[in-house]
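Numbering (the numbering used here), first residue to last: 22 to 126. Reviewing the structure listed below.
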Ligand SMILES: [Zn+2]
């Protein structure tokens, strides 16, 4: 493994850890503010805690939809590649050359 690949993997791991930590803090915020007293000091006179909870719930829905879509796409691609690979091997195994049939008789 080259030094450049190691750096890329470390950066990807750091980004993953940041996303996990932010998600955990957001869940902790929702858990601690589930039964809060509503104030009306937020934007448009709404409750600030309720707006934060609503925004995080929306973000979670969008991320889960994206992750599910990407997983479905990768699984579909894997299935198609596996099927094509099997068909390719079937064609290869039944060719005249592989069966050693002479055509000049
Ligand atoms: Zn509230």
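Ideal Cβ positions, reconstructed from N, Cα and C, are used throughout, including at glycine.
Taking a contact as a CB-CB distance under 8 Å, the pair residue 74 and residue 54 counts as one, their CB atoms being some 7 Å apart. With contacts defined by Cβ atoms closer than 8 Å, residue 116 and residue 77 do not form a contacting pair. Closest option to residue 69, judged by alpha-carbon separation, among 80, 86 and 51: 51. In the displayed model, residue 35 falls within a helix according to three-state DSSP.
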